[in-house]
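Notes follow once the structure below has been shown.
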Amino acid sequence: MNNYRRLREKIEKKKAKICIVGLGYVGLPLAEAFAHRGYFVYGLDTNALRIKKLKKGERYIVDVEPQQILFLIKKGKFFPTNEENVLADSDVIIICVPTPLRKVKIPDISYVVKATQTIKNYLRAPQLIILESTSYPTTTRDVVLPILRDSGLKDERDFFLCFSPERVNPGDRKFPLVKIPKIVGGLSHKSATLAKSLYSKIIKKVFVVSSPEVAETSKLLENTFRLVNIALVNEFAILCNRLGVSVWEVIEAAKTKPFGYMPFYPGSGIGGHCIPCDPLYLSWKAKKVGFKTKMIDLASYINRYMPAYVVKRVKELLRSKGISLKNSYVLILGVTYKKDVKDLREAPALDIIEKLRKEGANVAYFDPLIPYIRIPTLNLKRIPLDGKRLRKYDCVVIVTDHSSFNYDFIRRNAKLIFDTRWVYKKNFPNVERL
């Protein structure tokens with residue numbers, strides 16, 4: 003029996019051992035899903051603290067219940083570790099490491115390169131390697147494949163390689179990982195078939211495309227679509243304010259059309275690892291082939307401007323009350339990049355806080371998920387939220403609309419509220435909307 007058939011049989015019979023490289027918001031839910039379906043799963047992460055938390059049953063990912071992980075560990079289906087030699091014992095290796103931007107807004111695929119180099123050291127026949135980390139088109143073929151070939155093993159004979167973009171939406175109860183269709187693009191039909199066989203054990207619909215490049219580009223199209231539409235509605239919000247029209251009412255009216263329109267909503271900016279970063283991966287690659295992505299560049303510019311626009315509006319609102327932004331007291335409610343998700347990556351609230359402080363405002367924040375903000379430019383401790391403190395602030399800015407906030411209590415105690423998330427559907431004398 004050849005390597006392909008041996009590996010496919012192992013996958014089909016759930017005898018294949020899987021190693022998930024990177025136990026973040028993509029890798030950990032994936033590891034849990036495979037372990038629940040009967041596979042033995044290694045969870046490999048260089049962060050020793052993560053491994054300790056998993057073994058103690060402590061949460062660090064919103065979509066994964068710690069008790070479920072402990073159950074899988076005790077059942078002998080999941081083994082979290084920072085020992086890379088487990089790669090040699092694995093039949094399937096799935097790379098789920100970060101792909102951030104460098105300070106100069108160009109792709110940083112160093113985590114992918116390092117993970118692949120580590121895998122190369124333990125590569126054996128037969129193994130299926132899958133990259134899930136979002137990256138620019140050709141990463142799988144031009145970056146990952148050459149490193150694996152350096153092992154001396156032959157692709158599509160000894161090892162098989164695919165790209166399958168992660169599509170996790172943190173905090174989304176309606177569409178958990180297992181309900182989101184999976185895209186698979188392999189170096190060949192064999193690689194794609196193996197990956198389809200694997201993912202179909204945990205996900206109902208697996209969509210096979212002709213190449214890794216198609217799979218890589220499809221992910222970037224998804225997130226560029228969101229970037230551009232968010233930018234459009236953010237610009238609309240600025241325009242509607244000039245026109246004296248409620249952008250929120252405009253959106254509600256437009257979405258009554260049953261075709262040709264889908265609603266996007268304005269806000270204080272974009273955050274997280276995906277929307278601000280992924281389209282710039284595509285833009286970078288486009289420049290390499292002599293193409294300028296004008297729409298991506300403009301959309302990124304508009305979205306990056308929104309924190310400054312929020313500060314501008316706060317300044318105008320305070321001035322209308324006879325208060326200068328300088329030496330004023332401003333409270334930020336919600337600092338995570340997304341509602342009900344404990345994640346500060348690229349959060350616009352951080353930029354808003356910095357800009358307000360540069361204007362001379364005294365800024366504090368409350369977020370039930372974030373007790374401290376500790377980044378190079380900010381070191382803040384969350385304040386308690388009570389009526390006395392709310393009444394102290396000249397302006398309360400709702401940046402992230404967490405479900406746990408008591409918005410009626412906030413409205414009754416705050417002097418002035420700037421609502422960037424349309425929390426208050428009705429008009430109130432102390433509430434101004436984006």
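In the working numbering, the protein residues as written are 3 to 436.
Backbone N, C-alpha and C fix where the C-beta goes; we use that ideal spot for every residue, glycine too.
Bear in mind that the values here come from a model prediction, so they are computed numbers and not experimental data.
Look up Gln129 in the DSSP assignment and give the residues it is bridged to.
Reading the sequence shown from its first residue, position 127 is the one you call residue 129. DSSP, once it has assigned bridges, lists Phe161 as partnering Gln129.
Anticipated Cβ contact below 8 Å, His275 with Arg228, distance rounded:
For the purposes of this step, residue 275 is identified with residue 273 of the sequence shown, where counting begins at 1. For the purposes of this step, residue 228 is identified with residue 226 of the sequence shown, where counting begins at 1. Actually they are not in contact, since the Cβ atoms of His275 and Arg228 sit about 13 Å apart, beyond 8 Å.
Taking all protein chains shown into account, do 16 or more other C-beta atoms lie within 10 angstroms of the C-beta of Phe177, making it buried, or fewer, making it exposed?
To locate residue 177, count along the sequence shown from 1; it is residue 175. Its Cβ having fewer than 16 others within 10 Å, Phe177 is exposed.
Can you list, in chain order, the residues of its chain with a C-beta nearer than 7 Å to that of Val170? Leave out the 5 residues immediately preceding and following it.
As a working mapping, residue 170 is identified with position 168 in the sequence shown. Answer for Val170: Tyr27, Val28, Pro31 and Leu179, listed in chain order.
Write down the C-beta distance between Pro309 and Pro350 rounded to the nearest angstrom, noting that I regard them as a contact closer than 8 Å.
Taking the first residue of the sequence shown as 1, we reach residue 309 at position 307. Taking the first residue of the sequence shown as 1, we reach residue 350 at position 348. Indeed, because the Cβ distance is near 5 Å, the residues count as touching under 8 Å.
To test your reading of the DSSP string, which unbroken alpha helix (DSSP H) runs of 4 or more residues are found completely within the stretch 262-311?
280-290
DSSP bridge partner residues for Glu218 (one or two, in chain order)
Position 216 of the sequence shown holds residue 218. DSSP lists no partner for Glu218.
For the alpha helix (DSSP H) that Glu254 lies in, which residues bound it at each end?
Taking the sequence shown and counting its residues from 1, the one referred to as residue 254 is at position 252. Run containing Glu254: Val249 to Ala256, per the alpha helix (DSSP H) assignment.
Nearest to Pro82 by alpha carbon, out of Phe293, Ala33 and Ser270?
The residue given as residue 82 occupies position 80 in the sequence shown. Pro82 has its Cα closest to that of Ala33, out of Phe293, Ala33 and Ser270.
List the endpoints of the continuous beta strand (DSSP E) containing Lys328.
What you label residue 328 is simply residue 326 of the sequence shown in a count that begins at 1. From DSSP, Lys328 is part of no beta strand (DSSP E); its letter is neither H nor E.
Pick from Ala35, Val313 and Cys164: whose alpha carbon is nearest that of Phe73?
Residue numbering aside, residue 73 sits at position 71 when the sequence shown is read from its first letter. Of the listed residues, the one whose Cα sits closest to Phe73 is Ala35.
Under 8 Å by Cβ, that's how I've got Pro281 and Ile298 pegged, so tell me the actual separation to the nearest angstrom.
As a working note, residue 281 is residue 279 in the sequence shown. As a working note, residue 298 is residue 296 in the sequence shown. Right, their Cβ atoms sit about 5 Å apart.
Local Cβ density within 10 Å of Ala233, reported as buried at 16 or more and exposed below that:
Here the question's residue 233 lines up with position 231 in the sequence shown. Buried is the call here.
CB Lys156 to CB Arg39, shorter than 8 Å?
As a working note, residue 156 is residue 154 in the sequence shown. As a working note, residue 39 is residue 37 in the sequence shown. No.
Please report the straight-line C-alpha distance between Val115 and Ile385, rounded to a whole angstrom.
Your numbering for residue 115 matches position 113 in the sequence shown. Your numbering for residue 385 matches position 383 in the sequence shown. Val115 and Ile385: Cα-Cα distance of roughly 41 Å.
Compute the Euclidean distance between the alpha carbons of Thr120 and Pro167, then round it to the nearest angstrom.
For the purposes of this step, residue 120 is taken as residue 118 along the sequence shown, with counting starting at 1. For the purposes of this step, residue 167 is taken as residue 165 along the sequence shown, with counting starting at 1. Each residue's alpha carbon lies about 21 Å from the other.
Distance check for Asn5 and Phe161, CA to CA, integer angstroms please.
Walking along the sequence shown from the start, residue 161 turns up at place 159. Walking along the sequence shown from the start, residue 5 turns up at place 3. Cα to Cα, Phe161 sits roughly 8 Å from Asn5.
With a cut-off of 8 Å, does the C-beta of Lys328 fall near any C-beta of chain C?
Of the chains in the structure shown, none is chain C; there is only one protein chain.
So what does Asn381 bridge to, in DSSP terms?
Position 379 of the sequence shown, counted from the first residue, corresponds to residue 381. According to DSSP, which records beta bridges pairwise, Asn381 is partnered with Arg376.
State the DSSP-derived secondary structure class of Arg2, mapped to helix, strand or coil.
With the chain represented from 3 up to 436, any question about residue 2 goes unanswered, as that position is not in the structure.
Ile22 versus Tyr124: straight-line alpha-carbon distance, rounded:
Start at 1 with the first residue of the sequence shown, and residue 22 comes out as number 20. Start at 1 with the first residue of the sequence shown, and residue 124 comes out as number 122. Roughly 14 Å separates the two Cα atoms.
Would you mind stating whether Leu335 and Ile400 have Cβ atoms separated by less than 8 Å?
Within the sequence shown, residue 335 is the residue found at index 333, counting from 1. Within the sequence shown, residue 400 is the residue found at index 398, counting from 1. For Leu335 and Ile400, yes; Cβs fall inside 8 Å.
Could you tell me which of Arg393, Lys394, Ala366 and Lys55 sits nearest to Lys383, measuring between CA atoms?
On the sequence shown, residue 383 is found 381 positions in, with the first residue counted as 1. The shortest Cα separation from Lys383 among Arg393, Lys394, Ala366 and Lys55 belongs to Ala366.
Ile95: buried (16+ other C-beta within 10 angstroms of its C-beta) or exposed?
In the sequence shown, counting from the first residue as 1, residue 95 sits at position 93. So Ile95 ends up on the buried side.
Nearest-angstrom Cα distance between Glu318 and Val64?
Translated into the one-based positions of the sequence shown, residue 318 becomes position 316. Translated into the one-based positions of the sequence shown, residue 64 becomes position 62. C-alpha separation (whole angstroms): 37 Å.
Going by DSSP in three states, Asp102 sits in which element: helix, strand or coil?
Within the sequence shown, residue 102 is the residue found at index 100, counting from 1. With the sequence shown as reference, residue 102 is identified as Pro, and Asp is not the correct amino acid for it. Three-state result, Pro102: coil.
What would DSSP say about Phe368, mapped onto helix, strand or coil?
Within the sequence shown, the letter at position 366 stands for residue 368. Strand, per DSSP.
Anyone know if the C-beta pair for Ser270 and Ile354 falls short of 8 Å?
Counting from 1 along the sequence shown, the entry for residue 270 is found at position 268. Counting from 1 along the sequence shown, the entry for residue 354 is found at position 352. Taking 8 Å as the Cβ cut-off, Ser270 and Ile354 qualify as a contacting pair.
Do the stretch 206-219 and the stretch 184-192 meet, that is, are 3 or more Cβ pairs less than 8 Å apart?
yes
Asn49 to Tyr113 span [Cα, whole Å]
As a working note, residue 49 is residue 47 in the sequence shown. As a working note, residue 113 is residue 111 in the sequence shown. Their backbone Cα atoms lie some 13 Å apart in a straight line.
DSSP three-state assignment for Leu333, whether helix, strand or coil
In the sequence shown, counting from the first residue as 1, residue 333 sits at position 331. It is a strand residue.
Starting from Phe411, follow the alpha helix (DSSP H) in both directions and report where the run begins and ends.
Against the sequence shown, residue 411 aligns to sequence position 409. Element bounds for Phe411: Tyr409 to Asn415.
At what residues does the alpha helix (DSSP H) containing Ile114 begin and finish?
As a first step, residue 114 is located in the sequence shown; it is residue number 112 there, counting from the start. The question names Ile, but residue 114 in the sequence shown is Val. Here the alpha helix (DSSP H) through Val114 covers Ser112 to Tyr124.
DSSP bridge partner residues for Cys242 (one or two, in chain order):
Locating residue 242 in the sequence shown gives position 240, counting from the first residue. Answer is none; Cys242 lacks a bridge partner.
Go through its chain and collect everything with a Cβ distance to Ser248's Cβ below 8 Å, but skip five positions before and after it.
Here the question's residue 248 lines up with position 246 in the sequence shown. Closer than 8 Å at the Cβ level, and outside the excluded window around Ser248, lie Cys242 and Arg435.
Reduced DSSP secondary structure (H/G/I, E/B, other) of Thr83
Numbered from its first residue, the sequence shown carries residue 83 at position 81. DSSP places Thr83 in strand when its eight states are reduced to three.
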